[in-house]
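In what follows, a single structure is set out as structure tokens and then discussed.
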Amino acid sequence: MATVTDTPIRIGVMGCAEIARTVSRAIDLAPNATIAAVASRSLEKAKTFATANGYKQSVKIHGSYESILEDPEVDALYIPLPTSLHVEWAVRAAESGKHILLEKPVAMNVAEFDKIVAACEKNGVQMMDGTMWAHHPRTAKLKEFLFDSDRFGQLKNIHSCFSLAVDEDFLKNDIRVKPNLDGLGALGDLGWYAIRAALFANNFELPKIVAASPGTVLNEAGVILSCGASLSWEDGRTASIYCSFLANVGMEITAVGTNGTLCVQDFVIPFEETHATFTTCLKSGFNDPWVSRPTEHSVKTEIPQEACMVREFARLVGEIKNKGAEPDGFWPNISRKTQLVVDAIKESVEKNCQQISLSGR
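For reference, each letter of the sequence shown is one residue, going 3 to 363 in the numbering used here.
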């Protein structure tokens, strides 16, 4: 954690998407980061965004993405651009020596993402995706339980879902339903989280087989609005994921092991900023009375999960900038694995729910 003697990492916001409002606040709340600049394709839009989000007068306003890349007073960039633009601007950011906090999905496909990673590795910059829930203190507690062989045992199945019912305007006009902008649709926007949860519970071991479930809903442009999928591993572990723009809000994880069960109701965005809960059940049986009953656990956090994410990103950048450390490869590695599963589900949808092997990918 940063101390008062640390120099905050200077982050530039590259794009004025709605999610950038949340991350701007997160940068303000993180003790080791500060907003140094903001850029849009329009100087006026960048100024309006800065004013609306209470940016300090010292924040530089850039009227082009090229301009912020050249800013010597920016250490890192938060990039919330449409997914189709990620490969161009993330590569250019890396080539400019900027560390990258990249919104998810990280790319349209893993081939694009590999270009981003190659540029980051060549230029020695840190890359991390914007999966906020991974940084909540609750997530560390979930990991403790899931990998406790006595309490949870061996994982057998995990189900994860993220859904929300959007309005007609969203379905017609949002970039997440446009094939040339965020063409992965609900799979990229929502399914990313559910896939990450399934991989997280399996210690980020890729499944052997991925198959889309029947019933995928596409819009007229062929963008996924709703879909499900099954994942299976060599030893018999299974997972199911569901994501949808057409169903009521759902953010659940249910993981079943040989000794215990884990349930989370709000894994993507906790119901409360200051604390989050989950329930566990150990060696339960159909007894009278019921043994044992679920136990609720509560985990407090001093700052919201998005600020925890920025704090960790800034810590890694600071280690590189101030101590000559190497970038942490864990984060791009799990981004790539998540993208691989996204790609496989999309391929399965296109091939009428055919099973897709991830061997060798």
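Even for Gly, the Cβ is constructed at its ideal location relative to N, Cα and C.
Considered as a whole, the region 35-91 harbours 45-54, 67-71 as its complete alpha helix (DSSP H) runs of no fewer than 4 residues, in chain order. Taking a C-beta distance under 8 Å as the contact criterion, Cys245 and Ala196 qualify as a contact pair. Excluding its 5 nearest sequence neighbours in each direction, Pro216 has C-beta neighbours in its own chain below 8 Å: Cys355, listed in chain order.
Around the CB of Ala199, 16 or more other CB atoms lie within 10 Å, so the residue is classed as buried. Secondary structure of His101 (DSSP, three-state): strand.
At the C-beta level, Thr281 and Pro296 come within 8 Å of one another. Positions of the beta strand (DSSP E) runs, each at least 3 residues long and wholly inside the region 124-174, are given as 129-131, 157-165 in order along the chain. Per DSSP, reduced to three states, the secondary structure at Cys265 is strand. Residue environment: Phe273 is assigned as exposed (fewer than 16 neighbouring CB atoms within 10 Å of its CB, all protein chains considered). The beta-carbon distance between Leu31 and Ile305, rounded to whole angstroms, is 5 Å. This is short enough to meet the 8 Å contact definition. DSSP places Ser232 in the uninterrupted beta strand (DSSP E) bounded by 226-234. Each of Leu87, Gln128, Glu68 was checked against the Cα of Glu114, and the nearest Cα belongs to Leu87. The beta carbon of Val319 is closer than 7 Å to those of Ile11, Asp77, Ala78, His101, Gln128 in its chain, skipping five residues each way along the sequence.
The beta carbons of Ala28 and Ala309 sit closer together than 8 Å. One alpha carbon belongs to Gly238, the other to Gly362, and they sit about 19 Å apart. Counting C-beta pairs closer than 8 Å gives three or more between the region 200-215 and the region 154-162, which meets the contact rule. In this structure, the CA atom of Lys145 is about 23 Å from the CA atom of Ala231. Cys122 and Phe288 have their alpha carbons spaced roughly 54 Å apart. Closest in C-alpha terms to Cys229, from the list Glu314, Val344, Ile211, comes Val344.
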